[in-house]
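The sequence shown lines up with residues 767 to 911 when you count with the numbering used here.
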Amino acid sequence: GSGRCHCSQTRLTDYRARLSGPLLDRFDMHVEVARVPYEQTRRIGPRGETDAARASVSAARTIQQERCGVLNAYLEHRELLRVAALDSRAQALLGDAAERWNLSARSCDRILKVCRTIADLSGKRHISPANVAEAVQLRCLDRPL
């Protein structure tokens with residue numbers, strides 16, 4: 767066949783519900799990735815896009831290593847709170863998301879790590895409310911509104 771899933775939305779939702787919360791809590795992002803046709807995987811895209819992405823990631827990793835000696839993914843809770851301090855607007859946004867989606871403390875820490883990384887990728891010292899919104903979106907795509 768085409769290799770495409772023909773399951774109903776209800777069946778997909780039931781399948782996802784079988785994944786335990788504690789297991790999902792251990793993933794920083796929950797992102798749905800669309801299937802890419804084989805033909806597209808054989809095309810070579812513009813080299814500049816790849817080079818720019820590589821440079822941005824490399825710069826962010828350097829920032830993280832210099833700031834704490836480790837990448838954001840490996841930050842302990844206390845250190846994370848220090849390097850990912852949020853202003854009142856960003857804090858309110860994260861608090862609203864935590865309340866709305868009943869997020870665990872571990873989930874909130876994961877979101878903070880992603881916030882800090884998004885800001886690092888942009889070369890920003892402070893985390894903005896937009897960074898929080900993006901990180902929450904990357905974390906909560908699988909949750910009903």
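Built from N, CA and C at the ideal position, the CB exists for glycine as well.
- Cβ atoms of A839 and D794 come within 8 Å of each other, at about 7 Å.
- By the Cβ criterion, the region 855-869 is not in contact with the region 823-830, since fewer than three pairs of Cβ atoms, one from each stretch, lie closer than 8 Å.
- The beta carbon of G787 is closer than 8 Å to those of S870 in its chain, skipping five residues each way along the sequence.
- Straight across, the Cα-Cα distance linking L904 with D817 is about 24 Å.
- Taking a C-beta distance under 8 Å as the contact criterion, I893 and L852 qualify as a contact pair.
- Residue nearest to V849 within the set A896, V836 and R813 is V836 (criterion: CA-CA distance).
- Comparing alpha-carbon positions, the option among R820, E815 and C906 lying closest to W867 turns out to be C906.
- In the same chain as R882, and ignoring 5 residues on each side of it, the C-beta atoms closer than 7 Å to its own belong to N838, V849, A850 and I893, in chain order.
- DSSP places K879 in the uninterrupted alpha helix (DSSP H) bounded by A871 to L887.
- Taking the Cα of R833 as reference, the smallest distance to any Cα among D886, N897 and Q775 is reached at D886.
- Rounded to whole angstroms, the Cβ separation of A901 and I877 is 5 Å, and the two are in contact under 8 Å.
- For S774, the number of other beta carbons within 10 angstroms of its own is below 16, and it is reported as exposed.
- For P812, no alpha helix (DSSP H) run applies, since DSSP gives it neither H nor E.
- Between S854 and R770, the alpha-carbon positions lie close to 45 Å from each other.
- DSSP places S822 in the helix class (H, G or I) of the three-state scheme.
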